[in-house]
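Shown next, in structure tokens, is the structure this report addresses.
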Amino acid sequence: MADENEHERLAVFVGDWAAEGTAYGTDLEGSPWRSVHTARWHSGDRFVVQDERANGPFDTMSFLGWDQERGTYFSWSIENHGYNREYLLTCDGDTWTFTGAQERATIRFSDEGRTQTHHWEFRPEGEWITLCDRVAHRVD
């Protein structure tokens, strides 16, 4: 049985963050990305709730946690365009990998946990292409 304290590793996501970077469409043309997000422990400190507001029309709510039955980290996300996603997460040192059916990402923490470097990919036509690259800095 997995360690019942696995959820504590999610603490790196908690805080107030501001991000900048580049978002890409299927044409691979980049456009500026700016967002703010707040991540807090849900009552009981077992799950992280993250609310992200990005320039343009992207608002995302995510729930991160440890699934004891499956023995894996997960993220469930909903977005204001009607999309919902489930990602399975792995952690290797300071790098988290999000793996979903249509999207995947790596998020590397640095600067003593105060910087997140994101690389997201998606596969609109079956091949993985860059969705966005951004860097988030903790602002709290």
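Following my numbering, the numbering of the sequence shown begins with 1025 at its first residue and continues without gaps. Where is the CB? At the ideal position from N, CA and C, for every residue including glycine. All values reported here derive from a predicted model rather than from experimental measurement.
field: Whole runs of the alpha helix (DSSP H) within the region 1057-1081, excluding any shorter than 4 residues
entry: With a minimum length of 4 residues, no continuous alpha helix (DSSP H) run stays inside the region 1057-1081.
query: Going by DSSP, which residues form a beta bridge with Arg1147?
result: As a first step, residue 1147 must be located in the sequence shown, where it is residue number 123. DSSP lists no partner for Arg1147.
field: Coil, strand or helix - Leu1034 by DSSP
entry: Counted from its first residue, the sequence shown places residue 1034 at position 10. Three-state result, Leu1034: helix.
- prompt: Does DSSP put Tyr1048 in a helix, in a strand, or in coil?
  reply: As a first step, residue 1048 must be located in the sequence shown, where it is residue number 24. In the structure shown, Tyr1048 sits in a strand (DSSP, three-state: E or B).
- prompt: Taking DSSP as the reference, what is the three-state secondary structure of Trp1152?
  reply: Here residue 1152 is taken as the residue at index 128 of the sequence shown, counted from 1. Coil.
message: Assuming the contact rule is C-beta atoms closer than 8 Å, Phe1098 and Asp1091 should be a hit. Round their C-beta distance to whole Å, please.
response: Reading the sequence shown from its first residue, position 74 is the one you call residue 1098. Reading the sequence shown from its first residue, position 67 is the one you call residue 1091. Their Cβ separation, rounded to whole angstroms, is 5 Å, which keeps Phe1098 and Asp1091 in contact under 8 Å.
query: Helix, strand or coil for Asp978 per DSSP?
result: Nothing in the structure corresponds to residue 978, since the chain is present only between 1025 and 1164.
message: Less than 6 Å between C-beta atoms, sequence neighbours within five positions excluded: which residues of the same chain meet that for Ser1055?
response: If you number the sequence shown from 1, residue 1055 lands on position 31. Excluding residues within five positions, the ones whose Cβ falls inside 6 Å are Ala1047.
- request: Alpha carbon to alpha carbon, how far is Thr1096 from Trp1041? Give it in angstroms, no decimals.
  value: By one-based count along the sequence shown, residue 1041 stands at place 17. By one-based count along the sequence shown, residue 1096 stands at place 72. Distance from the CA atom of Trp1041 to the CA atom of Thr1096, rounded to whole angstroms, is 25 Å.
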